[in-house]
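Following my numbering, the numbering of the sequence shown begins with 117 at its first residue and continues without gaps.
Here the structure is laid out as C-alpha cells; the discussion comes afterwards.
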Amino acid sequence: MPNMLISADDHIDLGYLPRDLWTARLPKALQDRGPHVVEQPDGREFWHCDGTAWGDWRAGKWYADSGRPRVALDRVQLPGNFGQRPTTAALRLEDMDRDGVEFSAMFPPIFGMRTQDKALARAIISAFNDWACDFGKQAPKRLLPIAQLFPDDAEASTEELKRIAKMGMRQVNFLVGTVTNAMYQPDWDPFWDTAEDLGIIVSYHVGGVTTGGGFPARQTPAPTDRKAAFGMGLGDGATVFWGPTVGLFSYGVLERRPKLRFVLGESGTGWIPFQIQEMDYRCQQIKDRSGEYPLKKMPSEVFRTQVWATYQQDGVGLSLVDYFGEGHMMWASDYPHPDSTWPNSQAIVAKETAKLSPSVRDGILRENARKFYELD
Numbered sequence: 117m118p119n120m121l122i123s124a125d126d127h128i129d130l131g132y133l134p135r136d137l138w139t140a141r142l143p144k145a146l147q148d149r150g151p152h153v154v155e156q157p158d159g160r161e162f163w164h165c166d167g168t169a170w171g172d173w174r175a176g177k178w179y180a181d182s183g184r185p186r187v188a189l190d191r192v193q194l195p196g197n198f199g200q201r202p203t204t205a206a207l208r209l210e211d212m213d214r215d216g217v218e219f220s221a222m223f224p225p226i227f228g229m230r231t232q233d234k235a236l237a238r239a240i241i242s243a244f245n246d247w248a249c250d251f252g253k254q255a256p257k258r259l260l261p262i263a264q265l266f267p268d269d270a271e272a273s274t275e276e277l278k279r280i281a282k283m284g285m286r287q288v289n290f291l292v293g294t295v296t297n298a299m300y301q302p303d304w305d306p307f308w309d310t311a312e313d314l315g316i317i318v319s320y321h322v323g324g325v326t327t328g329g330g331f332p333a334r335q336t337p338a339p340t341d342r343k344a345a346f347g348m349g350l351g352d353g354a355t356v357f358w359g360p361t362v363g364l365f366s367y368g369v370l371e372r373r374p375k376l377r378f379v380l381g382e383s384g385t386g387w388i389p390f391q392i393q394e395m396d397y398r399c400q401q402i403k404d405r406s407g408e409y410p411l412k413k414m415p416s417e418v419f420r421t422q423v424w425a426t427y428q429q430d431g432v433g434l435s436l437v438d439y440f441g442e443g444h445m446m447w448a449s450d451y452p453h454p455d456s457t458w459p460n461s462q463a464i465v466a467k468e469t470a471k472l473s474p475s476v477r478d479g480i481l482r483e484n485a486r487k488f489y490e491l492d
C-alpha cells in the first residue's frame with residue numbers, strides 16, 4: 117500500500133466496547149461488580165463498575181441522541197450505528213482505508229478501567245487485554261492492540277506483562293495522569309526489568325481517571341465567575357507529561373535498561389526538545405558543582421536512543437525534528453477521538469509537512485513507525 121500512512125496512536129475507547137465484554141469474560145463471582153451497561157432514568161446508557169459511573173456507552177442509544185457531543189465519526193455520513201464501527205474490525209478497516217491509513221497502533225481506553233479492589237482490577241484489565249488481543253487477530257497486519265496495566269500495583273503489572281507477552285502482544289500502557297514517582301522505586305524494578313528482558317514496549321498515554329475509574333473532579337466555577345474561552349484538553353497542553361517523563365530519566369529507569377523502548381503517546385512533540393535541553397542543563401550543573409553525578413549518560417543521549425513520541429497536529433514539533441533521535445517522531449491519526457485528523461489526515465499532513473524533505477516527511481508519516489514496530 118504505497119503512500120499510505122501509519123498511525124502510531126489510535127484508540128479502542130470505552131464507549132465503543134461490546135456491551136458483553138466483561139459480563140461474558142469475568143468470573144461469575146465478580147460479574148455483578150464488574151463493568152456493565154446501565155440505563156439511566158433519562159434513557160442514557162452508562163458503563164458502571166463497582167458503584168462508579170465510568171462513562172457513556174456509545175454503541176446503543178447514544179448514537180441517536182440529538183443532544184450528544186459531536187465526534188470525529190460525525191464528519192462522514194455512515195450507514196448504521198457508527199457507535200459500533202471502532203470495535204467492529206471490518207468497519208474499522210473501512211475507516212482506515214477512507215483516511216489512507218494502512219496500520220494502526222490502538223491504545224486502550226483513556227477513561228474507566230480502574231478500581232480500588234485489586235482482585236477486581238486484575239480481572240477487569242486481563243479480560244480487556246484478552247478481548248483486545250482477539251480483536252487485533254482479526255487483521256494482524258493492520259491492527260496492533262496495546263495492553264493496559266496497573267499504575268498502583270507493581271506485582272500485577274509485572275504478571276500481566278508476562279501474560280500478554282505470551283499472547284503475542286507487544287506494547288503496554290499507563291495513563292500518564294495516573295503515573296506517580298512510586299513507579300520509579302525499587303518495588304517496580306521487576307516490572308521494568310521484565311519489560312526490557314521480554315522486549316515489550318512501555319508507553320505513557322494522555323488521560324487519567326480516579327482510583328475508582330471515574331472522571332477526575334474539576335473545579336466548578338460559580339455562576340458569577342468569568343468563564344474561560346477554551347481549555348487545553350486532556351493533556352492540559354502536554355504539561356501532564358512533564359513530571360512522569362522527567363522521572364524516567366532522573367531515576368535512571370531508562371539508562372539502567374538500555375534495551376527498553378518507550379513511547380509518549382498523544383503527547384505532542386513541540387515541548388520535548390525544551391524539556392530534554394533543560395534536563396541536560398540541570399545534570400551538567402550537578403557535575404560542575406560537585407563532580408558527582410549518579411548517572412553515566414546525559415538525558416539527551418538516552419532520549420535519542422530509547423524514547424519515541426506521537427503527535428497528530430504539531431507545526432512547532434515539525435520545525436524541531438533535528439532535536440529528536442533519528443526516526444523517533446511518529447505521526448498519529450488519533451481515531452476516533454474528536455481531536456482526530458480522521459477522515460482528512462492526508463490533506464492535513466500534506467499541509468503540515470510541506471516544508472520537510474521527502475525522506476524526513478516519509479519517516480514521520482510512515483517509515484519511523486514501520487521500523488519501530490518491525491512491520492513487513
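Positions of the beta carbon are idealized from the N, C-alpha and C atoms, including for glycine.
As the structure is a prediction and not an experimental result, all values here were calculated from the model.
- Residue 145 sits in a helix when the DSSP states are folded into three classes.
- Listed as beta-bridge partners of residue 287 by DSSP are 317.
- Excluding sequence positions up to five before and after residue 255, its CB lies within less than 7 Å of the CB of 205 and 209, all in the same chain and listed in chain order.
- Linking residue 441 to residue 165 through their CA atoms gives a straight-line distance of about 42 Å.
- Only exposed fits residue 402, as fewer than 16 other CB atoms lie within 10 angstroms of its CB.
- If you draw a straight line from the Cα of residue 323 to the Cα of residue 293, it is about 6 Å long.
- Ranking 461, 151 and 389 by CA distance to the CA of residue 243 puts 151 first.
- Residue 314 sits exposed, since fewer than 16 C-beta atoms from the chains shown fall within 10 Å of its C-beta.
- At a Cβ-Cβ threshold of 8 Å, residue 472 and residue 434 count as neighbours.
- As computed with DSSP, residue 263 is found in a beta bridge with 288.
- For the set 149, 212, 311 and 171, the Cα lying nearest the Cα of residue 258 is the one of 212.
- Annotation for residue 247: no beta strand (DSSP E) segment contains it, though the alpha helix (DSSP H) segment containing it runs 234 to 252.
- Apart from the 5 residues on each side of it in sequence, residue 200 sits with its Cβ closer than 6 Å to the Cβ of 175 in its chain, given in chain order.
- When only Cα atoms are considered, residue 156 and residue 136 end up about 18 Å apart.
- At the C-beta level, residue 263 and residue 485 stay beyond 8 Å of one another.
- Here residue 344 is exposed. Its C-beta has fewer than 16 other C-beta atoms within 10 Å.
- By the neighbour-count definition (other C-beta atoms within 10 Å, threshold 16), residue 119 is an exposed residue.
- The alpha-carbon of residue 250 is positioned some 43 Å away from that of residue 394.
- With fewer than 16 other CB atoms across the displayed protein chains lying within 10 angstroms of its CB, residue 475 is exposed.
- Following the DSSP letters along the chain, one finds residue 446 inside the beta strand (DSSP E) bounded by residues 445 to 447.
- Scanning the segment 347 to 420 from its first residue to its last, the whole alpha helix (DSSP H) runs of 4-plus residues come out as 358 to 366 and 388 to 406.
- Per DSSP, the continuous beta strand (DSSP E) segment holding residue 171 begins and ends at 168 to 172.
- Residue burial annotation: residue 276 is buried, with at least 16 other C-beta atoms found within 10 angstroms of its C-beta.
- The closest CA to that of residue 446, considering only 281, 380 and 279, is found on 380.
- Per DSSP, the continuous alpha helix (DSSP H) segment holding residue 209 begins and ends at 205 to 215.
- Partner residues in the beta bridge of residue 152, as assigned by DSSP, are 164.
- Going by DSSP, residue 464 is part of the alpha helix (DSSP H) stretching over 461 to 468.
- Per DSSP, the beta-bridge partners of residue 424 are 379.
- Cβ-Cβ distances below 6 Å link residue 383 to 354, 357 and 425 in the same chain, with the five nearest sequence neighbours on each side left out; the list follows chain order.
- By the Cβ rule, the segment 402 to 418 does not count as touching the segment 455 to 468, because fewer than three pairs are nearer than 8 Å.
- For the set 368, 231 and 240, the Cα lying nearest the Cα of residue 305 is the one of 368.
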